[in-house]
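In this note's numbering, the protein residues as written are 93 to 229.
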């Protein structure tokens, strides 16, 4: 009887360790993907991840990347960045990076001195969040 209890306890601990090991996830963080000199100026919750808007004072460019909450796991991601305009058509590969990625979508860059931008993204979601006509300057 004691032996059966010990075996059950060992199996229970092993299972708990497996659950703990597989249950951990890397939180979405900006890891300098846009390059040196870029600082995060805004973030956006985009479902199962975060879109990061960064700016480099030396280059005068904005940059966007979308990072999943569970980095290392293939996730459908969307990153968007463009100069502000009123249409809803986005140019794939230039203004949008959409696909299944394990670490990030983007980076996308735009020079917006004296202009406003549209930016946003999505992570494992059918809904893409975009802020239009923001960060003017």
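Glycine included, every Cβ here is placed at the ideal spot set by N, Cα and C.
Asked: Residue 160 versus residue 205 - alpha carbon distance; Found: 29 Å
Asked: 8 Å Cβ cutoff met for residue 209 and residue 169; Found: no
Asked: Per DSSP, the bridge partner or partners of residue 132; Found: 146
Asked: Buried or exposed by the 16-neighbour rule on C-beta atoms within 10 Å, applied to residue 175; Found: exposed
Asked: Simplified DSSP assignment, three categories, for residue 160; Found: strand
Asked: Complete runs of the beta strand (DSSP E) confined to the stretch 161-229 [at least 3 residues]; Found: 167-175, 188-193, 197-203, 209-215 and 221-226
Asked: Nearest-angstrom beta carbon gap, residue 120 and residue 213 [assumed within contact, 8 Å]; Found: Rounded, the Cβ-Cβ distance is 11 Å, inconsistent with contact.
Asked: Beta carbon of residue 199 nearer than 8 Å to that of residue 156; Found: yes
Asked: For residue 137, three-class secondary structure by DSSP; Found: strand
Asked: Short Cβ contact (8 Å threshold) for residue 221 with residue 138; Found: yes
Asked: Cβ-Cβ distance between residue 167 and residue 141 below 8 Å; Found: yes
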